[in-house]
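Quick mapping for you: the protein sequence lines, in order, are chains V and Z. For what it's worth, full-length UniProt numbering labels the leading residue of the first sequence as 1, then goes sequentially. For what it's worth, full-length UniProt numbering labels the leading residue of the second sequence as 1, then goes sequentially. What follows is a set of notes on a single structure, which appears directly below.
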Amino acid sequence: MTSKELKYDRQLRLWANSGQSNLESSHVCLINASTSGSEALKNLILPGIGSFTIVDDHLVTDDDISSGFFLNEDDLGKPIAPAMTSKLQELNRDVKGNSVERSVERLVQDVGVNGQFWSQFNVVILTKRHYTSNNTVGRLKEILWDLNIPLLLVDNIGFYGYLHVIAKEINVIETHPEFLIDLRLDDPWPELTSHVNSINLDNLDDTDHAHVPYVVILIKALQTWKSEHQNLPPQTYAQKKQFKAEYVQALSRDMMNEVNFEEASSNAWRASQTSSIPEHIEEILTTVSSMPPATYLSSTFWLFIKALQGFLANNHGKLPLSGVLPDMTADTPNYISIQNIYRDKARRDQQLFANEINSILATSQSETDLLVSVPSLVPSESIQSFCKNCRFLYTTKGSKQNFNKDMEESLNNSSEDNSVLPIYFAMLAFNDFKEKFNHDPTLDDLQMIAASVDNQIYKKTLKEILIHHSKQYHNVASFMGGIVGQETLKLVTRQYKALDNLFVYDGVHSVSEKWKI
Amino acid sequence: MTSTGKGVTVCAKVCPAYNTHVYGFDSSLSIPSIFTSSLYTYKLVMTSVFPLLKIGPFNEYPDEYSSVDAADALRNSKVLVIGAGGLGCEILKNLALTGFKSIEVIDMDTIDISNLNRQFLFRESDVGRPKAEVAAEFIRQRIRDPSLSIVPFFGKIQDKPLEYYKQFTVVICGLDSVEARRWINATLVGLVDEELNNLIPLVDGGTEGFRGQARVILPTLTSCYECSLDMLSTKQTYPVCTIANTPRLPEHCIEWANALEWPVHFSGLKFDADNPEHLDWMYEASLKRAKLFNIKGVTRSLTLGVVKNIIPAIAATNAIVAASCCNEVFKIVTNSNPILNNYMMYSGDDSIFTYTFSHTKKKDCSVCGNTAKTTIAQKWWTLQDFISQLSKNQEIQMKRPSLTTSTQQLYLRAPEALEEATRGNLIKKLSDLIEPMEEILVTDPSLPISLKVRVHFEGPEEKPDTISALMSDV
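This is the structure:
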């Protein structure tokens with residue numbers, strides 16, 4: 001193992017080399033060198049993000065030092081961006097740190113700089129250490145939205161914090177579901193069928209009988225069932241019960257002692273699962289149907305979906321097989337041979353899928369004269385990963401809104417002390433006050449701010465914020481820095497499902513909630 | 001003063017200056033003189049914390065609360081941090097930046113290269129040095145607050161006398177060891193007397209990959225660590241017959257090399273996963289086994305993962321869980337807001353999800369309960385069979401249990417003479433040794449617990465001669 005593999009061992013077990021190489025080629029931007037921001041960067045630098053840039057044109061104050069770990073007394077009065085960059089940089093020599101001593105206001109106004117400056121980032125994090133006007137945030141949202149770069153808006157006051165992910169679109173292939181198992185019991189392919197048929201349970205001695213893999217048992221049981229039920233699998237509750245007792249357990253010589261039959265029995269429900277296309281995958285396929293080539297060719301995800309469409313058309317509507325077989329009681333040769341049957345089929349599906357991609361690329365290159373750069377070669381690891389995960393793909397579209405109608409309605413109905421939604425609206429109201437009056441609200445402003453919403457919990461929550469108004473309470477800043485770190489890791493490794501799209505934390509009651517805007 | 005979630009107030013120790021109203025600054029936003037002392041750094045630390053000490057609308061004791069008491073409690077409290085690893089580094093930083101002045105930290109480990117992806121107080125040049133010492137040094141050097149004391153101890157928690165633990169206001173754990181958690185939990189429960197003196201809250205955090213949990217234990221009052229032992233995910237184990245005869249997974253081949261082959265080749269030599277030569281041997285042996293059976297997928301990294309039972313870990317999750325724990329410590333000590341009652345689960349691998357609930361105390365908990373646990377045994381089991389089942393039981397999990405009843409010693413691990421004297425019982429049938437429902441006291445040298453168990457017998461008198469009995473690894 002290389003020293004890098006040793007250093008990153010504990011995280012490679014989560015996102016493997018593919019995730020790590022995505023992470024190492026990523027660049028994250030932090031606007032406003034707040035405590036939550038430095039904590040978020042710490043969580044990205046340690047695992048080895050490619051580079052980071054801090055944008056801030058302020059000087060280090062007492063408050064910054066009192067609450068943040070990546071500044072100290074020596075930095076007082078100096079420009080905060082380079083000071084914080086240098087302390088963070090120490091965490092990992094593989095990471096490149098940059099600082100930009102300019103205000104975000106200027107950066108978003110300066111049209112000429114936008115394209116080059118912002119497009120270098122994979123994720124932009126905006127924290128509220130220094131007030132950023134609604135106008136600037138709005139402008140930044142537009143710029144990043146058009147560049148398809150996720151913007152993470154983070155705020156924390158007192159015991160409260162929120163993260164709002166503003167992303168035009170998020171697509172994930174490796175979602176890491178609990179199980180990738182796809183046994184195809186309802187539709188075995190010829191090699192699997194002939195393997196199952198080659199095993200005659202009655203001819204086996206007791207030891208061999210107790211070592212037949214449950215996949216074989218279930219396919220046999222289902223064959224019998226189907227032949228007696230118009231070729232349909234067990235469907236109703238009563239049928240499933242009957243299938244389990246009379247078709248699966250009945251094949252055992254001794255249910256108390258044949259562990260493989262016990263496994264077959266507890267997995268009998270799988271026989272009723274159809275290998276049809278999951279609903280959310282159907283939806284994704286519908287989306288790609290109406291996409292012009294320029295759109296699907298500019299994204300690996302959508303190119304793969306387009307290829308999947310072709311694959312389904314040529315393969316009786318069956319998705320590529322994952323090839324993952326769970327462990328099951330069996331002797332070694334029995335298990336390995338059935339595992340090879342699944343793996344071979346998966347490999348063949350991957351090859352057919354690759355052919356679909358090649359034919360799309362060939363057609364598009366010859367027929368169109370596109371302005372997008374068409375990938376000429378798709379790595380086989382990506383194809384394998386896509387085929388393995390194709391039942392669990394994830395895509396979502398975001399919004400630039402701060403909240404929606406449903407949230408407004410629920411706000412009015414908040415009735416419990418630990419309702420989380422009022423926190424978000426109270427934090428927005430805090431921000432609006434500052435926008436209007438150019439200073440933070442105090443307890444004296446409570447009645448005025450609370451007047452817009454007729455809800456006691458909202459009022460109480462506002463009061464909590466106005467009293468415990470510390471913007472840099474380290475525990476909450478660090479909590480939010482952890483949340484931002486995790487979500488950024490998911491976005492840049494392109495693995496796991498990211499937050500979609502608002503998360504609110506209540507450190508008073510130690511609860512949280514999330515909403516989709 | 002500590003909330004029990006039922007409106008009960010206990011433990012004056014947590015807030016020693018509880019009744020002294022000397023500096024009243026609730027009504028004013030200005031910083032009182034105590035915070036503008038000659039110690040510049042002390043003032044600095046308080047600017048971000050000071051507003052949090054004011055009385056807010058969710059405060060549970062509005063009639064008794066005072067900001068000054070809260071500030072004093074924060075300054076005078078003594079916090080013990082157990083573990084200076086992924087969570088521990090975060091915890092130390094968090095406490096130091098939220099106004100705690102007196103901290104002790106215990107860790108028995110030295111720094112390994114694989115710690116550096118998350119344990120941010122350590123650098124490559126620190127590899128091999130004690131974690132507790134390096135962590136304390138780094139915090140002191142970064143924060144430079146003469147009023148901040150961080151005392152490291154490089155050793156085991158079991159090395160300290162019980163008296164040592166009485167000095168702390170709160171204990172906060174960031175450990176990866178179940179055994180150490182059980183030990184400190186049982187110790188803190190044991191310290192509490194009938195008048196609830198010496199009630200020291202225990203805040204415990206844990207992470208695994210993108211998931212984790214934070215909890216608050218008020219010893220004897222709320223559910224303790226032992227009460228929730230059955231919530232732990234079970235360690236992956238493989239039946240011996242699979243390992244020995246019918247391997248199917250690469251893990252089976254590695255377990256074969258580890259559990260069966262190593263002791264044969266290196267009798268008496270303990271396998272050390274951190275020794276590259278040992279690991280090389282293990283990898284080669286596993287690979288050879290896998291080739292023999294046509295099994296794919298044995299890698300050096302998988303070998304290391306299986307033999308060390310490695311749990312994935314990242315900085316971000318540690319930050320989330322440590323910050324939750326420290327927020328609770330802050331609230332416990334200052335009483336500024338309600339404390340977690342009593343468990344928060346966190347999961348970040350599919351969007352973000354938290355679940356906060358009150359885990360209930362178990363009446364038959366071997367640490368904080370007072371009734372015996374009932375367990376089931378087959379009539380044909382020998383004492384040895386019973387002991388190996390006890391070790392596996394989710395609610396018991398003792399590695400080296402000794403068993404006695406009120407009338408006899410069933411089996412004792414030590415001293416040697418007693419071990420020899422009781423060894424003969426191991427092959428006897430349990431149902432011949434004890435009466436049904438007779439109380440058995442179970443102890444383990446690694447835990448300060450004695451567990452009461454009653455046995456309910458069932459099943460046949462004689463061992464059934466069946467395939468499953470042959471295949472199980474009792």
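Just so it is clear, CB atoms sit at the ideal spot from N, CA and C, and this is done for glycine as well.
Contacts that residue i makes with chain Z (C-beta to C-beta distance below 8 Å)
| i | result |
| --- | --- |
| V:SER3 | ILE113 |
| V:LYS460 | PRO57 and PHE58 |
| V:SER265 | Under the 8 Å cutoff, chain Z gives no residues; its nearest Cβ is about 14 Å from V:SER265. |
| V:TYR335 | THR246 and ARG248 |
| residue 605 of chain V | Any property of residue 605 of chain V remains undetermined from this structure, which presents chain V solely from 1 to 517. |
| V:LYS463 | GLY56 and PRO57 |
Chain-ordered neighbours of residue i on chain V, where CB pairs are closer than 9 Å
| i | result |
| --- | --- |
| Z:ASP350 | THR175, HIS176, PRO177, TYR496 and LYS497 |
Within-8 Å CB hit, residue i to chain V
| i | result |
| --- | --- |
| Z:LEU74 | no |
| Z:ALA319 | yes |
| Z:GLY459 | no |
| residue 475 of chain Z | The requested residue 475 of chain Z does not occur in the structure, where chain Z is confined to residues 1 to 474. |
| Z:ILE172 | no |
| Z:GLY305 | yes |
| Z:ARG129 | no |
Reduced DSSP secondary structure (H/G/I, E/B, other) of residue i
| i | result |
| --- | --- |
| V:PRO234 | coil |
| Z:GLY5 | With a pLDDT of 35 at Z:GLY5, under the threshold of 50, the predicted position of this residue should be treated as unreliable, and no value is reported. |
| V:TRP515 | strand |
| Z:ASP126 | helix |
| V:LEU352 | helix |
| V:SER25 | coil |
| V:THR461 | helix |
| Z:CYS173 | strand |
| V:MET1 | coil |
Chain V contact residues for residue i, given Cβ-Cβ distances below 7 Å
| i | result |
| --- | --- |
| Z:LYS93 | PHE69 |
| Z:SER324 | PHE479 and SER510 |
Residue-chain proximity (residue i, chain Z), Cβ-Cβ < 8 Å
| i | result |
| --- | --- |
| V:GLY158 | yes |
| V:TYR8 | yes |
| V:GLU242 | A small correction: the amino acid at residue 242 of chain V is Gln; Glu does not occupy that position in the sequence shown. For V:GLN242, the answer is no, since every Cβ of chain Z falls outside 8 Å of its Cβ. |
| V:TYR424 | no |
| V:HIS468 | yes |
| V:LEU91 | yes |
| V:GLY482 | yes |
Residue i: contacting residues in chain Z (beta-carbon distance under 9 Å)
| i | result |
| --- | --- |
| V:PHE503 | SER351 and ILE352 |
Chain-ordered neighbours of residue i on chain Z, where CB pairs are closer than 7 Å
| i | result |
| --- | --- |
| V:THR332 | THR246, PRO247, ARG248 and PHE293 |
| V:PRO47 | ASN117, ILE314 and ALA315 |
| V:ASP417 | PHE58 |
| V:GLN472 | SER48 |
Contacts that residue i makes with chain V (C-beta to C-beta distance below 8 Å)
| i | result |
| --- | --- |
| Z:PHE330 | ASN475 |
| Z:ILE310 | ASP9, ARG10 and ARG13 |
| Z:ASN327 | PHE159, ASN475, VAL476, PHE479, GLY507 and SER510 |
| Z:LEU142 | Per the sequence presented here, residue 142 of chain Z reads as Arg, with Leu not at that position. Neighbours of Z:ARG142 on chain V, chain order: PHE69 and ASN72. |
Residue i: CB within 7 Å of a non-hydrogen atom of the ligand MG
| i | result |
| --- | --- |
| Z:GLU104 | This structure lacks the ligand MG, and indeed carries no ligand of any kind. |
Legend entry - Positions along the region 211-229 of chain Z whose CB lies within less than 8 Å of some CB in chain V: So the close ones are ALA214.
Inset, instruction - Report the residues of the region 47-65 of chain Z with a CB closer than 9 Å to any CB of chain V, ordered along the chain. - result: THR47, SER48, VAL49, PHE50, PRO51, LEU52, LEU53, LYS54, ILE55, GLY56, PRO57 and PHE58
Inset, instruction - For the region 63-80 of chain V, enumerate the residues whose C-beta is nearer than 8 Å to any C-beta of chain Z, in chain order. - result: Of all residues in the region 63-80 of chain V, ASP63, ILE65, SER66, SER67, GLY68, PHE69, ASN72 and GLU73 have a Cβ within less than 8 Å of some Cβ in chain Z.
Legend entry - Contact the region 361-374 of chain Z vs the region 383-391 of chain Z: 3+ CB pairs below 8 Å: no
Inset, instruction - Check each residue of the region 244-261 of chain Z: if its Cβ is closer than 7 Å to any Cβ of chain V, include it; give the result in chain order. - result: The region 244-261 of chain Z vs chain V, Cβ under 7 Å: THR246, PRO247, ARG248 and LEU249.
Inset, instruction - Pull out every residue of the region 279-301 of chain Z whose Cβ sits closer than 8 Å to any Cβ of chain V, in chain order. - result: PHE293, ASN294, ILE295, ARG300 and SER301
Legend entry - Where the region 343-367 of chain Z meets chain V: residues whose CB sits under 7 Å from a CB there: MET344, GLY348, ASP349, ASP350, SER351, ILE352, THR354 and THR356
Inset, instruction - Can you give me, in chain order, the residues of the region 97-126 of chain Z that have a beta carbon less than 9 Å from any beta carbon in chain V? - result: LEU97, THR98, ASP112, ILE113, SER114, ASN115, LEU116, ASN117, ARG118, GLN119, PHE120, ARG123 and GLU124
Legend entry - Meets three-Cβ-pair contact criterion under 8 Å: the region 145-156 of chain V and the region 119-137 of chain V: yes
Legend entry - Segment contact flag, the region 336-347 of chain Z with the region 52-70 of chain V, C-beta cutoff 8 Å, min 3 pairs: no
Legend entry - Any 3 or more C-beta pairs closer than 8 Å across the region 195-208 of chain V and the region 426-440 of chain V: Cβ pair count under 8 Å is below three, so no.
Inset, instruction - Please list the residues of the region 422-449 of chain Z that have a C-beta atom closer than 9 Å to any C-beta atom in chain V, keeping them in chain order. - result: Of all residues in the region 422-449 of chain Z, none has a Cβ within less than 9 Å of some Cβ in chain V.
Legend entry - Segment contact, 8 Å Cβ cut-off, at least three pairs: the region 315-334 of chain V with the region 245-257 of chain Z: yes
Legend entry - Meets three-Cβ-pair contact criterion under 8 Å: the region 158-169 of chain V and the region 458-468 of chain V: They touch, by the three-pair rule.
Inset, instruction - Check whether the region 216-236 of chain V touches the region 353-368 of chain V, counting contact only when three or more Cβ pairs, one atom from each stretch, lie closer than 8 Å. - result: no
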